[in-house]
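**Q**
Protein chains: 2
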Amino acid sequence: MNTHIILLSGGSGKRLWPLSNNIRSKQFLSVLPCDSNGRESMLQRVYHQLRTEFPTEQVVIATGEAQKEQIEAQLGDQVAIVCEPDRRDTFPAIALSSTYIADICHGNPQDIVVVLPVDPYAEQHYFSVVRRMSAVAARPHVDLVLMGIHPTNPSSRFGYMVPKEHQEGFFTIERFVEKPQSEEARRLIEQGACWNGGVFAFRLGYLMEIVQSHIGEYSFPELLDRYASLGKKSFDYAVVEQAAKVAMVPYDGVWRDLGTWDALVQEMGSSGLGLQYLSQTEHTVVVNELTIPIVALGTKNIVVAASADGILVSDIALSGHVKPLVDPLTDSPRSIHYVWGRRTVVDRIMEESTLKSEVRIVEVSAQSVWEAHEEAGTCTQIVLLSGSGFLLTEGEELCIGAGYSTSLSRGKPLIIRSSTPMRFVETVVVKK
Amino acid sequence: MNTHIILLSGGSGKRLWPLSNNIRSKQFLSVLPCDSNGRESMLQRVYHQLRTEFPTEQVVIATGEAQKEQIEAQLGDQVAIVCEPDRRDTFPAIALSSTYIADICHGNPQDIVVVLPVDPYAEQHYFSVVRRMSAVAARPHVDLVLMGIHPTNPSSRFGYMVPKEHQEGFFTIERFVEKPQSEEARRLIEQGACWNGGVFAFRLGYLMEIVQSHIGEYSFPELLDRYASLGKKSFDYAVVEQAAKVAMVPYDGVWRDLGTWDALVQEMGSSGLGLQYLSQTEHTVVVNELTIPIVALGTKNIVVAASADGILVSDIALSGHVKPLVDPLTDSPRSIHYVWGRRTVVDRIMEESTLKSEVRIVEVSAQSVWEAHEEAGTCTQIVLLSGSGFLLTEGEELCIGAGYSTSLSRGKPLIIRSSTPMRFVETVVVKK
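Top to bottom, those sequences are chains A and B. Numbering-wise (our numbering), the first sequence opens with residue 11 and increments by one. Numbering-wise (our numbering), the second sequence opens with residue 11 and increments by one.
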């Protein structure tokens with residue numbers, strides 16, 4: 011009996027604007043202090059914590075196409091990624107990854123599957139609870155195991171689970187209450203209720219039966235093809251609420267959503283990130299992705315965050331309100347991470363929401379391959395600013411260095427393999 | 011008898027960083043609200059106020075080479091500019107401009123010269139006091155007329171002038187006290203003392219005699235040639251303190267140095283400048299020269315200023331302390347204004363304080379001429395992003411539009427005449 015792990019990496023949004031945006035989700039921001047005196051992203055932190063508890067188990071990351079490259083860039087290409095061709099809520103996403111495990115990884119019906127979200131900031135103990143959940147899921151009289159988080163306040167943001175009986179290492183559940191008002195939440199907490207942490211464990215065969223009854227019996231490639239036509243359904247609705255034999259394993263420890271600046275700066279430490287000079291400040295955190303300095307003078311309880319997309323200056327306590335403010339900013343993201351490096355827009359001309367020109371700084375990591383394609387109806391020029399590598403043309407390799415420039419021609423991609431890290435300027439002008 | 015006016019435009023520095031820098035002085039920042047519902051710079055404001063009082067008089071602007079283009083860009087090329095070949099303090103600067111008036115403008119020894127600094131923020135009445143000073147300077151028993159500013163506090167930053175007798179329209183002066191301690195300043199104010207406002211009026215012949223005795227008798231071109239060898243001497247020391255018959259004309263009105271952010275934001279109005287979104291803020295002023303938005307949320311008493319050189323977030327009351335913080339930032343300014351437009355560095359690579367590459371956005375105003383020169387040891391590429399104009403080559407004019415690109419060749423400047431406003435990207439890579 012094997013254990014398989016499905017890590018759900020979804021979400022996108024502007025709660026951590028200007029660092030997060032429609033393409034770059036919070037889990038990819040390299041802002042958390044880590045052992046090596048550097049910084050890691052929430053994704054990297056959760057993956058390493060997971061691997062400490064489950065060093066050899068199969069891990070599948072369920073995500074959308076937009077995040078695939080960023081996950082590979084942060085975790086390497088050894089991790090299995092199942093890309094949802096469309097956003098279809100948690101039940102189809104878990105069904106697709108479970109089908110991948112059953113069909114492509116030849117998972118056994120008795121194998122255990124653990125599903126967990128990528129974004130909680132938790133201590134290592136959380137993952138030993140996940141391990142315990144997988145053991146409970148293997149028991150004969152259990153269909154589904156959920157993690158119960160000990161509530162720290164009567165929040166209305168979570169689902170609550172009221173325990174019935176204590177069995178060996180788990181509880182049975184009396185009932186679920188979805189997002190209660192805080193008065194009811196207070197009563198539920200007095201009855202020993204826990205938050206539903208969105209971590210699930212079950213036998214693969216159990217889920218595949220539900221998948222077959224809801225969706226049908228398909229191979230992984232077949233399900234991929236049909237995916238866009240599936241209805242949106244949450245895992246809670248399709249599976250949890252229908253399950254007869256549900257167990258809960260409680261977790262009592264640090265469990266935070268670092269999805270807003272006030273929560274994130276708590277975990278970042280006082281030092282901030284990037285080029286900055288602080289003087290006479292109190293409780294001021296600067297996160298600077300730009301190459302120009304930020305100077306903070308005499309500020310108190312302020313977070314300053316700057317990226318190619320914009321600059322936020324916010325009172326820390328109020329920084330949870332940034333989303334509605336920046337939602338109307340419909341400009342497409344200016345800084346995008348790829349497997350091969352990063353592309354940052356430094357100048358953009360729009361005319362009535364149509365792009366007229368863009369100047370981009372392209373950073374290619376060492377030993378990587380960058381393909382530049384001319385977009386239809388544009389002329390594109392590139393100039394190599396620093397680094398060296400090879401231009402791959404028909405059958406030939408041309409060694410290129412700083413100062414090399416060329417223009418792209420229609421239909422022919424420019425393929426460059428870097429030796430050292432390379433930095434280009436790429437200028438795209440839309441033809442009239 | 012004519013009146014000539016010398017406007018002193020000096021100074022540079024980082025008190026208004028990141029908007030001001032070693033090249034762009036505070037008087038060039040277009041931040042003050044003006045009648046036309048737009049913004050004007052301190053230079054433009056003072057020049058217009060001056061012209062309201064002195065519509066036809068000769069105005070000479072005394073400045074350094076670094077500011078010449080910016081003055082022309084803001085006032086047009088109708089204004090006479092006397093460029094000091096070197097910084098040599100106020101006496102040589104006023105001597106040079108007076109020689110220009112005597113030699114090039116054929117000024118008469120009986121003509122009146124008024125000298126005033128470009129940076130005080132004052133009401134129009136200030137300039138009618140200047141007019142009164144020029145009338146007093148024409149009287150037989152007066153050598154030198156100074157403006158006395160009514161003190162608003164016992165400041166130690168100014169020179170004080172203690173009045174002796176009230177004559178018709180002016181005072182004679184008993185004594186000067188340079189930057190007294192505030193206790194003494196308080197006593198001086200009780201005696202009716204005024205601040206020395208740095209505005210002077212005198213007969214041209216009077217000053218030229220002093221110039222001849224201190225420096226020698228030279229034509230304007232000869233003095234220009236010798237200028238760098240002159241000793242540094244202040245006008246106060248060389249002229250004011252030696253003058254026998256000194257008069258003071260008092261001014262009682264708004265008189266401010268907008269040389270720090272706290273003083274400047276008072277006059278800017280609450281609205282700030284540039285792309286910005288404010289929410290739940292109190293007394294927060296955002297000045298944004300970048301093309302990306304600044305979002306301020308819940309901040310109080312904060313000034314945020316952003317340019318291509320950096321970002322300042324400061325408590326308004328403490329913003330006078332910015333200079334020592336940014337003085338160590340020795341990066342050369344990234345945004346420079348010229349007669350023909352503006353050049354902004356958007357990407358710069360340095361290696362041990364040697365420039366390796368720069369990507370610049372060049373904005374050329376309509377109907378202007380931009381000459382691009384290849385700097386020695388570099389390769390330079392330009393791409394036209396928007397606008398249209400003509401490329402002037404040997405005897406020919408080539409019409410160019412968005413998407414046009416070329417590389418500069420050594421020794422041959424690229425001369426472009428814009429029809430509409432043009433925007434280029436200019437990439438300079440230093441050869442190994």
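No residue lacks a Cβ here, since even glycine has one placed at the ideal position from N, Cα and C.
Contact check, T270 (chain A) vs G320 (chain A) under 8 Å by CB: the rounded distance?
**A** Counting from one through the first sequence, the residue named residue 270 (chain A) turns up at place 260. Counting from one through the first sequence, the residue named residue 320 (chain A) turns up at place 310. Contact flag wrong, Cβ pair sits at about 17 Å.
**Q** Please list the partners that K441 (chain A) has in chain B, where partner means a Cβ-to-Cβ separation under 9 Å.
**A** Within the first sequence, numbered from 1, the residue matching residue 441 (chain A) stands at position 431. Per Cβ cutoff of 9 Å: A412, G413.
**Q** Quick one: Cα of S165 (chain B) to Cα of T390 (chain A), how far?
**A** The residue you call residue 165 (chain B) lines up with position 155 of the second sequence. The residue you call residue 390 (chain A) lines up with position 380 of the first sequence. Spanning the two alpha carbons is a distance of roughly 60 Å.
**Q** Can you tell me whether M258 (chain B) is helix, strand or coil according to DSSP?
**A** Counting from one through the second sequence, the residue named residue 258 (chain B) turns up at place 248. Three-state DSSP puts M258 (chain B) in a strand.
**Q** Bridge partners of K422 (chain A), per DSSP?
**A** In the first sequence, the residue the question calls residue 422 (chain A) occupies position 412. Answer is A:S419.
**Q** Based on Cα-Cα distance, which residue from B:L395, B:A103, B:Q276 lies nearest to E75 (chain B)?
**A** As a first step, residue 75 (chain B) is located in the second sequence; it is residue number 65 there, counting from the start. Of the candidates B:L395, B:A103, B:Q276, the one whose C-alpha sits nearest the C-alpha of E75 (chain B) is B:A103.
**Q** By DSSP, does H443 (chain A) sit in helix, in strand, or in coil?
**A** No statement about residue 443 (chain A) is possible, as the shown extent of chain A runs from 11 to 442 and does not include it.
**Q** Would V44 (chain B) pass as an interface residue toward chain A - the criterion being a Cβ-Cβ separation below 8 Å?
**A** Residue 44 (chain B) sits at position 34 when you count from the first residue of the second sequence. Per the sequence presented here, residue 44 (chain B) reads as Cys, with Val not at that position. Taking Cβ atoms only, chain A never reaches closer than 8 Å to C44 (chain B), which makes this a no.
**Q** Since K255 (chain B) contacts V172 (chain B) with CB under 8 Å, what's their CB separation in whole angstroms?
**A** Residue 255 (chain B) sits at position 245 when you count from the first residue of the second sequence. Residue 172 (chain B) sits at position 162 when you count from the first residue of the second sequence. Rounded, the Cβ-Cβ distance is 16 Å, inconsistent with contact.
**Q** Helix, strand or coil: which one does DSSP assign to V264 (chain A)?
**A** Stepping through the first sequence from its first residue, residue 264 (chain A) is reached at position 254. Reduced to three states, the DSSP call for V264 (chain A) is coil.
**Q** Going along the chain, which residues of the stretch 284-310 of chain A sit with their C-beta nearer than 7 Å to a C-beta in chain B?
**A** Of all residues in the stretch 284-310 of chain A, Y287, S289, Q290, I302, P303, I304, V305, A306, L307, G308, T309 have a Cβ within less than 7 Å of some Cβ in chain B.
**Q** Could you tell me which chain B residues have their CB closer than 7 Å to the CB of D319 (chain A), listed as they occur along the chain?
**A** If you number the first sequence from 1, residue 319 (chain A) lands on position 309. Simply I302.
**Q** Counting only C-beta atoms, is C389 (chain A) closer than 8 Å to chain B at any point?
**A** If you number the first sequence from 1, residue 389 (chain A) lands on position 379. Yes, contact with chain B.
**Q** Give me the residue from A:V264, A:E82, A:V295 with the minimum Cα distance to N311 (chain A).
**A** Translated into the one-based positions of the first sequence, residue 311 (chain A) becomes position 301. With distances taken between Cα atoms, N311 (chain A) lies closest to A:V295.
**Q** Apply the 10 Å Cβ neighbour rule to E50 (chain A) and answer buried if 16 or more other Cβ atoms are within range, or exposed otherwise.
**A** For the purposes of this step, residue 50 (chain A) is identified with residue 40 of the first sequence, where counting begins at 1. Answer is buried; the Cβ neighbour count reaches 16.
**Q** List the residues of chain A that H331 (chain B) touches, going by C-beta distances under 8 Å, in chain order.
**A** Position 321 of the second sequence, counted from the first residue, corresponds to residue 331 (chain B). Per Cβ cutoff of 8 Å: S289, Q290, L307, G308.
**Q** Take R358 (chain A) and list the residues in its own chain whose beta-carbon comes closer than 6 Å to its own, dropping the five residues that flank it on each side.
**A** Sequence index remark: in the first sequence, residue 358 (chain A) carries index 348 (1-based). The residues are E368.
**Q** Taking C-beta to C-beta, are V128 (chain B) and Q37 (chain B) nearer than 8 Å?
**A** What you label residue 128 (chain B) is simply residue 118 of the second sequence in a count that begins at 1. What you label residue 37 (chain B) is simply residue 27 of the second sequence in a count that begins at 1. Yes.
**Q** Assuming D325 (chain B) and L307 (chain A) are in contact, meaning their beta carbons sit under 8 Å apart, how far apart are those beta carbons, in whole angstroms?
**A** To locate residue 325 (chain B), count along the second sequence from 1; it is residue 315. To locate residue 307 (chain A), count along the first sequence from 1; it is residue 297. Rounded, the Cβ-Cβ distance is 6 Å, consistent with contact.
**Q** Have a look at D272 (chain B) and Q286 (chain B) and give me their C-alpha separation to the nearest angstrom.
**A** Residue mapping note: residue 272 (chain B) aligns to position 262 of the second sequence, counting from 1. Residue mapping note: residue 286 (chain B) aligns to position 276 of the second sequence, counting from 1. Taking the straight line joining both Cα atoms gives about 20 Å.
**Q** Buried or exposed for S396 (chain B), please, with buried defined as at least 16 other CB atoms from any protein chain shown within 10 angstroms of its CB.
**A** Your numbering for residue 396 (chain B) matches position 386 in the second sequence. Answer is buried; the Cβ neighbour count reaches 16.
**Q** How about V139 (chain B) and V250 (chain B): are their beta carbons less than 8 Å apart?
**A** In the second sequence, residue 139 (chain B) corresponds to position 129, counting from 1. In the second sequence, residue 250 (chain B) corresponds to position 240, counting from 1. No, they are not a contact pair.
**Q** What residues from the stretch 417-437 of chain A come within 8 Å of chain B, judged by C-beta to C-beta, listed N to C?
**A** The stretch 417-437 of chain A vs chain B, Cβ under 8 Å: S417, R433, V435, T437.
**Q** Identify whether K36 (chain A) lies in helix, strand or coil by the three-state DSSP scheme.
**A** Counted from its first residue, the first sequence places residue 36 (chain A) at position 26. Helix at K36 (chain A).
**Q** What is the rounded straight-line gap between the Cα of L85 (chain B) and the Cα of E178 (chain B)?
**A** Taking the first residue of the second sequence as 1, we reach residue 85 (chain B) at position 75. Taking the first residue of the second sequence as 1, we reach residue 178 (chain B) at position 168. Rounded to the nearest angstrom, the two C-alpha atoms are 37 Å apart.
**Q** In chain order, what residues of the same chain lie with their CB nearer than 6 Å to the CB of M432 (chain A), ignoring the 5 residues before and after it?
**A** Here residue 432 (chain A) refers to the residue found at position 422 of the first sequence. Same-chain partners within the cutoff: V374, G397, G399.
**Q** For chain A, check one thing: does any of its Cβ atoms lie closer than 8 Å to the Cβ of S281 (chain B)?
**A** As a working mapping, residue 281 (chain B) is identified with position 271 in the second sequence. So, not an interface residue.
**Q** Report the residues of the stretch 353-377 of chain A with a CB closer than 7 Å to any CB of chain B, ordered along the chain.
**A** Flagged, chain order: V356, D357, I359, K366, S367, V369, I371.
**Q** Contact between the stretch 38-58 of chain B and the stretch 99-119 of chain B: three or more CB pairs below 8 Å?
**A** Segments in contact, no.
**Q** Using the three-state DSSP reduction, which class does V297 (chain B) fall into: helix, strand or coil?
**A** Stepping through the second sequence from its first residue, residue 297 (chain B) is reached at position 287. Note: V297 (chain B) maps to strand in three-state DSSP.
**Q** Shortest alpha-carbon distance to V89 (chain A) belongs to which of A:F101, A:R97, A:T66?
**A** Position 79 of the first sequence, counted from the start, is the residue given in the question as residue 89 (chain A). Among A:F101, A:R97, A:T66, the Cα nearest to that of V89 (chain A) belongs to A:T66.
**Q** From the DSSP output, in three-state form, read off H58 (chain A) for me.
**A** Here residue 58 (chain A) corresponds to residue number 48 of the first sequence, with the count starting at 1. In this structure, H58 (chain A) counts as helix in the three-state DSSP scheme.
**Q** First and last residue of the beta strand (DSSP E) that includes H347 (chain B)?
**A** For the purposes of this step, residue 347 (chain B) is identified with residue 337 of the second sequence, where counting begins at 1. Its beta strand (DSSP E) spans residues 345-348.
**Q** Per DSSP, which one or two residues make a beta bridge with E406 (chain A)?
**A** The sequence position of residue 406 (chain A) within the first sequence is 396, counting from 1. According to DSSP, which records beta bridges pairwise, E406 (chain A) is partnered with A:T403.
**Q** Against chain A, does V56 (chain B) count as a neighbour if the rule is that its beta carbon must be under 8 Å from one of theirs?
**A** Start at 1 with the first residue of the second sequence, and residue 56 (chain B) comes out as number 46. No, V56 (chain B) lies away from the interface with chain A (no Cβ there is under 8 Å from its Cβ).
**Q** Please list the terminal residues of the continuous beta strand (DSSP E) segment that includes D325 (chain B).
**A** Your numbering for residue 325 (chain B) matches position 315 in the second sequence. From DSSP, the beta strand (DSSP E) with D325 (chain B) extends over 320-325.
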